[in-house]
Amino acid sequence: MKTIHLSYPHHIANINTDGDLSLAIGFFDGIHLGHQSVISKAKDVAKEKGIKLAVMTFDPHPSIVLGKRNEQVFYITPMEQKLRLLESMEVDIVFVVRFTSDFAKLSPQEFIEKFIVDLNVKHVTAGFDFSFGSFGQGSMDTMQELSEGRYEVNVVQKKTDETEKISSTRIRQELKSGNMDKARALLGRPYQIPGVVVHGDKRGRQIGFPTANIQAQEGSFIPANGVYAVKMLVQNEWIEGVCNVGFKPTFNNPEHKKLTIEVHLFDFDKNIYGEEVFVDWFKRIRDEQKFDGIHALKKQIEKDKQSSIETLKNFR
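Add 58 to a position in the sequence shown, counting from 1, and you land on the number used in the numbering used here.
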């Protein structure tokens with residue numbers, strides 16, 4: 059897969075796409091089932107027409123540039139992870155468009171000329187609610203109206219589950235509440251966080267439950283505090299485990315607010331400091347809580363371990 063970074067007005071001219079493209083366009087945070095249907099439709103068109111499959115996404119989130127958010131935005135799929143997922147979907151080219159103030163001022167017509175026509179796009183696929191151009195003036199109807207026969211347009215209608223539209227916003231809400239079953243159903247796969255194993259305080263080893271302290275990739279959306287059944291990919295091997303997300307109140311002063319992600323892996327005893335890992339989240343077992351001493355904590359961790367083992371039997 060080829061990744062092309064674009065910015066306006068620079069780094070936009072003379073882009074070589076090596077042929078015509080069927081383009082799926084959207085922000086695609088999470089690449090959930092709704093996003094997958096858009097990309098799948100663009101892929102079908104690419105195969106039918108014998109052209110390449112391309113995806114266009116944006117960085118950073120438009121709300122940052124448009125001034126709607128002051129706080130840091132956390133992504134369901136940070137860019138590196140998004141690119142890995144797109145590659146697994148057999149996408150040929152990904153355009154990562156830098157969302158800047160200048161880019162946000164483009165009229166719908168200018169956007170189409172620079173980012174559709176000039177990139178040899180012959181077919182555009184997007185969701186029914188995709189908008190583009192200054193103040194979101196352009197809709198998919200606009201995309202069709204301004205095509206002038208130069209490209210075709212396909213609009214993918216709203217994808218719902220048994221209750222409502224599948225969306226990144228809904229997935230974030232489920233992650234905030236620790237509902238990993240629902241998040242998995244909306245994503246079509248377990249929620250995953252990439253990270254690196256770093257040194258912690260080593261208290262887990264001292265009480266008989268050694269843990270891998272995970273530094274999540276910057277910008278990752280961390281689920282609600284608590285204890286979870288997880289699997290972790292490390293050194294090309296998936297290992298089952300139990301994970302605690304939170305502030306370790308049994309050991310730490312209430313004023314200490316450093317969030318940690320610690321995974322106790324079952325039947326695993328290797329030095330993995332510095333290793334890149336991927337944590338898949340399957341079920342929230344309980345809230346994080348403070349215990350009256352080490353003995354009570356150890357007893358609960360053993361219960362958590364058994365709960366995780368039972369849960370993960372369904373995902374082998």
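Yeah, the Cβ is synthetic: ideal placement off N, Cα and C, and Gly gets one too.
Which runs of the beta strand (DSSP E) at least 3 residues long sit entirely within the segment 293-368? Give them in chain order. 295-304, 318-323 and 334-344
If you check the beta carbons only, do Val-321 and Thr-369 fall under 8 Å apart? no
Going by DSSP, what residues sit across from Gly-140 in a beta bridge? Correcting the residue type first, residue 140 is Lys in the shown sequence and not Gly. Answer by DSSP bridge pairing: none, since Lys-140 is not bridged.
Runs of alpha helix (DSSP H) wholly within the segment 222-297 (minimum 4 residues, chain order): If we require 4 residues or more, the alpha helix (DSSP H) runs fully inside the segment 222-297 come out as 226-235, 238-245 and 261-264.
Over the uninterrupted alpha helix (DSSP H) stretch that includes Ser-98, give me the two end residues. 91-107
Determine the direct distance from the alpha carbon of His-93 to that of Phe-86, and round the result to whole angstroms. 6 Å
Could you give the distance in angstroms between the alpha-carbon of Thr-433 and the alpha-carbon of Ser-366? Here the chain covers residues 59 to 374 and nothing more, so residue 433 does not appear.
Residue burial classification, Trp-339 (beta-carbon count within 10 angstroms, cutoff 16): buried
In terms of residues, what are the limits of the alpha helix (DSSP H) holding Asp-160? 159-162
Taking only the alpha-carbon atoms, compute the straight-line gap between Glu-411 and Gly-253 and give it to the nearest angstrom. In the structure displayed, the chain extends from 59 to 374; residue 411 sits before or after that span and is not available.
Who are the Cβ neighbours of Gly-88 in its own chain at under 7 Å, not counting the five residues just before and after it? Ile-134, Thr-135, Ser-226, Ile-229 and Leu-245
For Lys-289, count the other beta carbons within 10 Å of its own beta carbon; 16 or more makes it buried, fewer makes it exposed. Which is it? With 16 or more other CB atoms across the displayed protein chains lying within 10 angstroms of its CB, Lys-289 is buried.
Can you find the residues in the same chain that come closer than 7 Å, C-beta to C-beta, to Gln-167, ignoring five residues on each side of it along the sequence? Leu-204
Classify Arg-374 as buried or exposed, calling it buried when 16 or more other Cβ atoms lie within 10 Å of its own Cβ. Residue burial is scored here from C-beta neighbours: Arg-374 has fewer than 16 other C-beta atoms within 10 angstroms and is therefore classed as exposed.
Bridge partner(s) assigned by DSSP for Met-114: Ile-83 and Phe-153
Looking only at C-alpha atoms, which of His-68, Gly-84 and Asp-78 sits nearest to Gly-194? Of all alpha-carbon atoms in His-68, Gly-84 and Asp-78, the one lying nearest the alpha-carbon of Gly-194 is that of Gly-84.
Using the beta-carbon count (16 or more within 10 Å), is Gln-139 buried or exposed? buried
For the beta strand (DSSP E) that Lys-172 lies in, which residues bound it at each end? No beta strand (DSSP E) holds Lys-172; the alpha helix (DSSP H) holding it covers 166-173.
Following the continuous beta strand (DSSP E) through Thr-61, name the residue where it begins and the one where it ends. 60-64
From which residue to which residue does the alpha helix (DSSP H) around Glu-203 run? First-last of the alpha helix (DSSP H) with Glu-203: 198-203.
Starting from His-181, follow the beta strand (DSSP E) in both directions and report where the run begins and ends. 179-185
Just how far apart, CA to CA, sit Ile-109 and Lys-240? 36 Å
Span separating the alpha-carbon of Leu-177 from that of Met-59: 17 Å
Asp-117 versus Ile-97, Arg-156 and Val-131, residue with shortest Cα-Cα distance: Of the listed residues, the one whose Cα sits closest to Asp-117 is Arg-156.
Does DSSP classify Glu-210 as helix, strand or coil? strand
Based on DSSP bridge pairs, tell me the residues matched to Ile-190. In the sequence as presented, Ile is not what sits at residue 190; that position holds Phe. Partner(s): Gly-196.
Does Gln-293 pass the burial test, meaning 16 or more other C-beta atoms within 10 Å, or should it be called exposed? exposed
Check whether the Cβ atoms of Asp-150 and Leu-111 lie closer than 8 Å to each other. Yes, they are a contact pair.
Euclidean distance between Cα positions of Leu-124 and Lys-217: 27 Å
Beta-carbon contacts of Asp-362 that lie in its chain and below 6 Å, excluding the five residues immediately before and after: Val-285, Val-300 and Ile-343
Near Phe-186, which residues of its chain fall below 8 Å by C-beta distance, leaving aside the five closest residues on each side in sequence? Met-198, Val-213, Val-214, Gln-215 and Lys-216
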